[in-house]
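Just so we're aligned: the sequence shown equals residues 1 to 71 in this note's numbering. Just so it is clear, CB atoms sit at the ideal spot from N, CA and C, and this is done for glycine as well. Shown next, in structure tokens, is the structure this report addresses.
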Amino acid sequence: MSDALDQVVERAVNDKEYRKLLFSNLEKALEGYAVSDEEHNMLENLEEDNFDQFAGGLGSRKNKGFIPGTG
């Protein structure tokens with residue numbers, strides 16, 4: 001996972017408005033983030049209902065022990 005994708009996921013976990021943008025307007029949400037085509041496609045196919053599970057499954061390097069949805 002790239003640092004850019006890590007930043008996008010971390011921001012979406014911590015910022016509810018950004019998470020809404022991520023699922024309503026992916027292109028705008030990703031402005032300024034250098035995600036790969038593969039990462040873009042992964043985000044494009046991600047469902048909002050499964051985001052916390054996806055984010056938790058990535059095992060953020062910065063937030064070891066963080067449990068999505070509890071912050």
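- The three-state reading of DSSP puts L30 in coil, since its state is none of H, G, I, E or B.
- Secondary structure note for E17: its alpha helix (DSSP H) is the uninterrupted segment 16-24.
- Around the Cβ of A29, a 10 Å sphere holds 16 or more other Cβ atoms; the residue is buried.
- In this structure, DSSP gives M42 a helical state, which the three-state scheme calls helix.
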